[in-house]
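Q:
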Amino acid sequence: MPVRERIILSLDTSDPEYALDLVDRFSDEITIFKVGLELFVSGGPEIVQKIIKKGKKVFLDLKFHDIPNTVSRAAQAATRMGVFMLNMHTSGGFEMMKSCRDLVVETCLKENLSRPRLLGVTVLTSIGPEAIKNELCIPHSIRTHVKHLARLAYNAGLDGVVASGHEIETIKNTCGKDFIVVVPGIRLSWNPPDEQKRRITPREALRSGADYIILGRAIMREEDPLKALRVVLLELMSS
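So for the sequence shown, the numbering used here puts the first residue at 1; every next one is plus one.
1. Beta-carbon within less than 6 Å of T107's beta-carbon, same chain only, minus the 5 sequence neighbours each way: which residues are those?
2. Should R101 go down as buried or exposed, given a rule of 16 or more other Cβ atoms within 10 Å for buried?
3. In this structure, how does DSSP classify K56 when only helix, strand and coil are distinguished?
4. Thinking just about the alpha-carbon of each residue, which of R217, I171, E235 and L226 is nearest to the one in S208?
5. Grouping DSSP H, G and I as helix and E and B as strand, with all else coil, what is V104?
6. CB K34 to CB I168, shorter than 9 Å?
7. Determine the direct distance from the alpha carbon of T13 to that of I30, and round the result to whole angstroms.
8. Can you tell which of P45, R203, F26 and Q49 has the C-alpha that lies nearest to the C-alpha of D246?
9. Can you give, in chain order, each stretch of the alpha helix (DSSP H) that sits fully within the stretch 108 to 156 and has at least 4 residues?
10. With which residues is K177 paired in a DSSP beta bridge?
11. So for V71, helix, strand or coil by DSSP?
12. Who are the Cβ neighbours of V183 in its own chain at under 6 Å, not counting the five residues just before and after it?
13. I30 by DSSP, collapsed to three states: which one?
14. Helix, strand or coil for D61 per DSSP?
15. Does the stretch 149 to 159 come within contact of the stretch 90 to 105, defined as at least 3 CB pairs closer than 8 Å?
16. Taking all protein chains shown into account, decide if H140 is buried (16 or more other Cβ within 10 angstroms of its Cβ) or exposed.
17. Which of the three DSSP states, helix, strand or coil, is assigned to G160?
18. Can you give the Cα-Cα distance for N69 and E235, rounded to whole angstroms?
19. Would you mind reading off the limits of the alpha helix (DSSP H) that contains S238?
20. In the structure shown, what three-state DSSP assignment does L215 receive?
21. If we count Cβ pairs, one from each stretch, closer than 8 Å, do we get three or more for the stretch 49 to 63 versus the stretch 15 to 26?
22. Between the C-alpha atoms of A163 and H89, what's the straight-line distance to the nearest angstrom?
23. Counting C-beta neighbours from all protein chains within 10 Å, is the total for L86 16 or more, i.e. buried, or is it exposed?
Below, the structure written as structure tokens:
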């Protein structure tokens with residue numbers, strides 16, 4: 001897969017018009033754009049449809065987490081919108097993930113739709129070892145917990161997971177090389193620290209086996225975001 005098709009640009013804004021402007025601005029370099037909670041709450045399904053009409057793919061990053069029926073119906077609605085990827089929290093459990101997967105597959109077969117990639121969110125990259133231990137009361141390491149959640153997602157029939165770049169190798173060894181790993185928390189070497197506790201550079205992520213990487217503030221905070229993106233692409237294509 002070409003490097004350009006492995007980068008997902010996060011549209012971190014509450015302004016739908018600005019989001020569409022970003023899609024146009026980065027159109028030559030980016031194929032997949034991420035619509036998260038902030039943009040979806042303000043722009044609704046219409047923003048997804050407008051991005052798709054521009055010939056782009058949408059990763060609907062709403063991190064569904066509810067009872068199985070609710071998550072399944074939400075995923076079905078997202079499937080009918082034509083999204084390329086959608087996700088849910090693996091901590092919602094096996095039944096939630098499996099019922100979601102089953103209904104999406106059934107809907108696609110009945111309605112002749114393209115099936116979106118279904119991803120499970122493992123542990124947010126903003127959560128570090130201390131929070132895992134002291135706030136969430138999980139007795140083992142983040143790596144062990146992510147491994148367990150990834151295996152749960154794999155057994156439920158999901159296509160992959162969203163996880164920190166630090167757990168890529170563990171996930172691939174547990175679930176196989178074809179199990180998709182999407183990596184957020186991407187920061188460039190010159191970016192200052194922020195709330196992302198488990199950060200990784202684009203080159204490190206791809207070398208570790210990431211299938212997709214998510215770029216957002218890492219380049220958008222730069223004086224010339226498009227130039228920063230092109231620098232990243234050159235680095236990745238030469239590595």
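Glycine residues also receive a C-beta, built at the ideal position from the N, C-alpha and C atoms.
All values derive from a computational prediction rather than experimental measurement.
A: In terms of the structure at hand:
1. Translated into the one-based positions of the sequence shown, residue 107 becomes position 107. Only Q76 and T79 meet the Cβ criterion.
2. Here residue 101 is taken as the residue at index 101 of the sequence shown, counted from 1. Classification for R101: buried.
3. Stepping through the sequence shown from its first residue, residue 56 is reached at position 56. Three-state DSSP puts K56 in coil, outside helix and strand.
4. To locate residue 208, count along the sequence shown from 1; it is residue 208. Closest by alpha carbon: I171.
5. As a position in the sequence shown, residue 104 is number 104, starting the count at 1. DSSP places V104 in helix when its eight states are reduced to three.
6. To locate residue 34, count along the sequence shown from 1; it is residue 34. To locate residue 168, count along the sequence shown from 1; it is residue 168. Cβ distance not < 9 Å, so K34 and I168 don't count as in contact.
7. Stepping through the sequence shown from its first residue, residue 30 is reached at position 30. Stepping through the sequence shown from its first residue, residue 13 is reached at position 13. Spanning the two alpha carbons is a distance of roughly 17 Å.
8. As shown, the chain starts at 1 and ends at 239. That puts residue 246 outside it, with no answer to give.
9. 129 to 134 and 142 to 156
10. For the purposes of this step, residue 177 is identified with residue 177 of the sequence shown, where counting begins at 1. Paired residue(s): none; K177 is not in a bridge.
11. Against the sequence shown, residue 71 aligns to sequence position 71. Looking at V71 - three-state DSSP - the assignment turns out to be helix.
12. Counted from its first residue, the sequence shown places residue 183 at position 183. The residues are G165, A205, A210 and I213.
13. Taking the sequence shown and counting its residues from 1, the one referred to as residue 30 is at position 30. In this structure, I30 counts as coil in the three-state DSSP scheme.
14. What you label residue 61 is simply residue 61 of the sequence shown in a count that begins at 1. D61 falls in the strand class under three-state DSSP.
15. yes
16. Within the sequence shown, residue 140 is the residue found at index 140, counting from 1. Burial call: exposed.
17. Reading the sequence shown from its first residue, position 160 is the one you call residue 160. Reduced to three states, the DSSP call for G160 is strand.
18. Taking the sequence shown and counting its residues from 1, one reaches residue 69 at position 69. Taking the sequence shown and counting its residues from 1, one reaches residue 235 at position 235. For N69 and E235, the distance between alpha carbons rounds to 44 Å.
19. Locating residue 238 in the sequence shown gives position 238, counting from the first residue. Residues P225 to S238.
20. For the purposes of this step, residue 215 is identified with residue 215 of the sequence shown, where counting begins at 1. Here L215 sits in strand by DSSP.
21. yes
22. As a position in the sequence shown, residue 163 is number 163, starting the count at 1. As a position in the sequence shown, residue 89 is number 89, starting the count at 1. Their backbone Cα atoms lie some 11 Å apart in a straight line.
23. Here the question's residue 86 lines up with position 86 in the sequence shown. So L86 ends up on the buried side.
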